[in-house]
């Protein structure tokens, strides 16, 4: 028995830049969604699904480490003024108590 709490990441950037983040994500995670183009303004996005593990399990800890590593990479891409070509949000949802929240973003 364990506690379920899903964590997912969505990344958005210009079509010309999104491939870098997508490749980095694929180097870290076992599952990464395809890049999807927005209907206007040249943006594209992709999704990193939850690891599916229960909290406290080794596989959950591994997923937490992967997310930290990837978010660290995204944040390291910031310009000197703090702006970043990559926008992301990490969300927590579907836990056993019905909670959902933004847990990290830029």
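In our numbering, the protein residues as written are 599 to 704. Ideal Cβ placement from N, Cα and C applies to all residues, glycine included.
Sub-8 Å separation of residue 652 and residue 658 beta-carbons:
Here residue 652 is taken as the residue at index 54 of the chain shown, counted from 1. Here residue 658 is taken as the residue at index 60 of the chain shown, counted from 1. With a cutoff of 8 Å on beta-carbon distance, residue 652 and residue 658 are scored as near each other.
Taking the CB atoms as reference points, tell me whether residue 616 and residue 686 lie closer together than 8 Å.
Mapped onto the chain shown, residue 616 falls at position 18. Mapped onto the chain shown, residue 686 falls at position 88. No. Outside cutoff.
Touch test, the region 667-678 against the region 615-629, Cβ-Cβ under 8 Å, three pairs minimum:
Counting Cβ pairs under 8 Å, three or more are found: they touch.
Whose C-beta lies closer than 6 Å to the C-beta of residue 630 among residues of the same chain, with five residues either side of it excluded?
Within the chain shown, numbered from 1, the residue matching residue 630 stands at position 32. Contacts found: 623, 624, 646.
So residue 668 is in the alpha helix (DSSP H); what residue range does that whole segment cover?
By 1-based counting over the chain shown, the position of residue 668 is 70. From DSSP, the alpha helix (DSSP H) with residue 668 extends over 656-674.
Alpha-carbon to alpha-carbon, residue 612 and residue 665
The residue given as residue 665 occupies position 67 in the chain shown. The residue given as residue 612 occupies position 14 in the chain shown. Whole-angstrom Cα-Cα distance: 22 Å.
Starting from residue 685, trace the beta strand (DSSP E) in both directions and tell me its first and last residue.
As a first step, residue 685 must be located in the chain shown, where it is residue number 87. Start and end: 685-691.
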